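Asker: In this note's numbering, the protein residues as written are 439 to 829.
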Ligand SMILES: Cc1ncc(COP(=O)(O)O)c(C=O)c1O
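1. Report all residues from its chain with a CB closer than 7 angstroms to the CB of residue 657; omit the five preceding and five following residues, and keep chain order.
2. Pairs of beta-carbons, one from the region 610 to 620 and one from the region 563 to 576, closer than 8 angstroms: are there three or more?
3. Roughly how far, in whole angstroms, is the beta-carbon of residue 535 from the beta-carbon of residue 688, given that I think they are within contact range, below 8 angstroms?
4. Use the C-beta contact count for residue 678: other C-beta atoms within 10 angstroms, 16 or more gives buried, fewer gives exposed.
5. Quick check: the region 746 to 754 against the region 764 to 773, are there 3 or more CB pairs under 8 angstroms?
6. Where does the unbroken alpha helix (DSSP H) through residue 629 begin, and where does it stop?
7. Tell me, please, which residues DSSP counts as bridged to residue 806.
8. Which term fits residue 502, buried or exposed, when burial requires 16 or more other beta carbons within 10 angstroms of its beta carbon?
9. Would you say residue 675 touches ligand 1, meaning its beta carbon is less than 8 angstroms from a heavy atom?
10. With a threshold of 16 other CB atoms inside 10 Å of the CB of residue 738, please say whether the residue is buried or exposed.
11. Give me, in chain order, the residues of the same chain whose beta-carbon lies closer than 7 angstroms to that of residue 814; leave out the 5 immediate sequence neighbours on both sides.
12. So, at 8 angstroms on beta carbons, what are the nonlocal neighbours of residue 821 in its own chain, with the 5 sequence-adjacent residues on each side left out?
13. Please name the residue, chosen from 487, 445, 695 and 440, that lies closest to residue 421 on a Cα-to-Cα basis.
14. How is the beta strand (DSSP E) around residue 470 delimited, first residue to last?
15. Could you say if the region 583 to 598 and the region 524 to 533 meet the contact criterion of at least three C-beta pairs nearer than 8 angstroms?
16. In three-state terms, what does DSSP make of residue 495?
17. Less than 9 angstroms between the C-beta atoms of residue 543 and residue 649, yes or no?
18. Between residue 790 and ligand 1, is the CB less than 8 angstroms from at least one heavy atom?
19. Our contact map puts residue 454 next to residue 791 with C-beta atoms below 8 angstroms; I'd like the distance itself, whole angstroms only.
20. With which residues is residue 754 paired in a DSSP beta bridge?
21. For residue 446, collect the residues of the same chain with a Cβ closer than 7 angstroms to its Cβ; drop the 5 residues on either side in sequence, then sort them by chain order.
22. Can you find a heavy atom of ligand 1 that lies under 8 angstroms from the Cβ of residue 682?
23. Taking DSSP's pairing of strands, which residues face residue 690 in a bridge?
24. Candidates 579, 784 and 731: which alpha carbon is nearest residue 469's?
25. Does residue 538 pass the burial test, meaning 16 or more other C-beta atoms within 10 Å, or should it be called exposed?
26. So, are the CB atoms of residue 629 and residue 597 less than 9 angstroms apart?
27. Give the DSSP-derived three-state secondary structure of residue 410 in the structure shown.
28. Check for me: the beta strand (DSSP E) holding residue 639 runs from which residue to which?
29. Contact between the region 691 to 698 and the region 479 to 497 is defined here as three or more beta-carbon pairs at a separation below 8 angstroms; is this criterion met?
30. Report yes or no: do three or more beta-carbon pairs, one from the region 741 to 748 and one from the region 636 to 644, lie closer than 8 angstroms?
31. With DSSP collapsed to three states, give me the class of residue 488.
32. To which residues of the same chain is residue 797 closer than 6 angstroms at the C-beta, ignoring the five residues directly before and after it?
33. Based on the DSSP secondary-structure assignment, which residues constitute the bridge partners of residue 559?
What follows is the structure, given as structure tokens:
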């Protein structure tokens with residue numbers, strides 16, 4: 439048989455999903471596993487959103503949507519949301535495309551920007567999918583390692599050190615998965631300064647935008663002066679509205695880029711699901727207090743977990759500013775993060791994602807999702823207390 443794709447063969451499978459699958463298989467075999475590896479909110483999608491989808495199905499929204507890049511009420515709802523929440527001003531007719539999930543929006547962004555061999559900077563620790571999606575679009579992933587000792591701070595110097603004549607774009611996740619950091623004004627200024635100086639496009643992944651704690655501000659990069667023409671903003675329903683299974687995201691940005699994005703979308707997935715778009719309209723235009731309530735629950739879980747885990751000898755965890763992942767270290771352990779997450783699963787029955795999955799600056803850490811019921815988190819702490827000395 440002839441050789442299969444070298445490109446796809448060179449791309450690693452998602453470690454997050456692999457750990458999740460292993461934990462689920464153990465659970466199915468009757469083991470008591472606490473699953474903290476995934477990134478799926480434990481809340482149900484709010485009922486008014488589900489009701490809108492059911493009504494849309496009954497009203498015939500079961501055909502191809504028109505336009506394929508998003509029904510007009512949704513394109514307008516996204517433009518209104520961007521103006522209201524993010525101070526980003528776009529034309530809903532030309533500057534936004536609805537996608538089946540934020541992950542596909544990232545793929546579209548890279549495909550529209552890159553030519554073979556173009557380098558794309560990303561901040562490490564990084565969400566597991568960034569390097570593969572850069573490669574799939576023909577680009578070269580280039581990590582900008584942010585040191586754990588400096589609380590993963592973004593500096594202009596760290597970015598500049600990786601710029602070459604081939605650097606085309608920079609990817610930023612804000613808030614960050616896996617570190618839980620939220621970009622400060624100082625970090626925003628560093629990103630803007632380097633992007634303009636080196637003439638970079640910026641892909642700003644704001645999928646966790648609504649999950650920012652302690653009343654901290656969230657800065658959208660496209661709203662900064664000089665950035666609208668070079669920034670693609672990625673967002674979606676998955677995390678804020680507990681809608682991971684609905685598969686709905688979007689990409690917004692400059693008209694010429696969005697023209698290519700729409701072309702690529704139409705020649706690949708065609709569109710997101712029609713009735714899901716109607717659900718998204720209800721979500722974006724409806725009451726928003728529901729997402730603040732979910733955010734407050736994550737914040738309370740963070741407070742509980744950070745305090746309880748830091749009281750355990752051999753466990754160290756920083757408080758997080760946003761998203762729903764803790765990124766603890768186990769300073770007394772000689773194990774690397776893969777061995778640590780295996781030991782956590784085997785000895786304590788806790789499934790967490792090894793830090794190395796997020797790049798070399800994640801080594802020594804394990805990622806725990808707190809999008810998990812408080813009762814499960816309490817059980818996880820009890821088990822950590824019991825087994826930390828065995829790690
Ligand atoms: C940083 C980041 N970006 C994008 C996504 C994609 O989300 P979705 O495709 O479910 O909208 C995720 C999901 O885990 C994520 O963590």
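Where a beta carbon is used, it is the ideal one built from N, C-alpha and C, also for glycine. Because the structure is a prediction, the values reported are computed rather than measured.
Answerer: Taking the definition as stated:
1. If we look at residue 657 and ignore the five residues flanking it on each side, its Cβ neighbours are 621, 623 and 626.
2. Enough Cβ pairs lie closer than 8 angstroms, so yes.
3. Indeed, because the Cβ distance is near 7 angstroms, the residues count as touching under 8 angstroms.
4. Buried: at least 16 other Cβ atoms inside 10 Å.
5. The region 746 to 754 is in contact with the region 764 to 773.
6. Taken as a continuous stretch (DSSP letters only), the alpha helix (DSSP H) holding residue 629 covers 623 to 635.
7. Partner(s): 764.
8. It is exposed - the Cβ of residue 502 has fewer than 16 other Cβ atoms within 10 Å.
9. Between ligand 1 and the CB of residue 675, the shortest heavy atom gap is smaller than 8 angstroms.
10. Label assigned to residue 738: exposed.
11. Taken in chain order, the residues that qualify are 472.
12. Result list for residue 821: 472, 786, 787 and 788, in chain order.
13. No answer is possible for residue 421: the residues shown for the chain start at 439 and end at 829.
14. Segment: none, residue 470 is in no beta strand (DSSP E) and carries neither H nor E.
15. No: fewer than three Cβ pairs fall under 8 angstroms.
16. In the three-state scheme derived from DSSP, where H, G and I count as helix and E and B as strand, residue 495 is classed as helix.
17. No; because the gap between Cβ atoms is not below 9 angstroms, this pair is not in contact.
18. Not so, every heavy atom of ligand 1 lies at least 8 angstroms from the Cβ.
19. Contact between residue 454 and residue 791 holds: their C-beta atoms lie close to 5 angstroms from each other, under 8 angstroms.
20. Bridge partners of residue 754: 767.
21. Result list for residue 446: empty, nothing under 7 angstroms.
22. For ligand 1, at least one heavy atom lies less than 8 angstroms from the Cβ of residue 682.
23. Partner(s): 534 and 671.
24. Taking the Cα of residue 469 as reference, the smallest distance to any Cα among 579, 784 and 731 is reached at 784.
25. When all chains shown are included, residue 538 counts as buried.
26. Contact: yes.
27. No statement about residue 410 is possible, as the shown extent of the chain runs from 439 to 829 and does not include it.
28. Start and end: 639 to 643.
29. Contact between the region 691 to 698 and the region 479 to 497 is absent, because fewer than three Cβ pairs lie under 8 angstroms.
30. With a cut-off of 8 angstroms, the region 636 to 644 and the region 741 to 748 do not count as touching, because too few Cβ pairs lie within range.
31. Helix.
32. Closer than 6 angstroms at the Cβ level, and outside the excluded window around residue 797, lie 562, 563, 564 and 581.
33. Answer is 580 and 608, bridged to residue 559.
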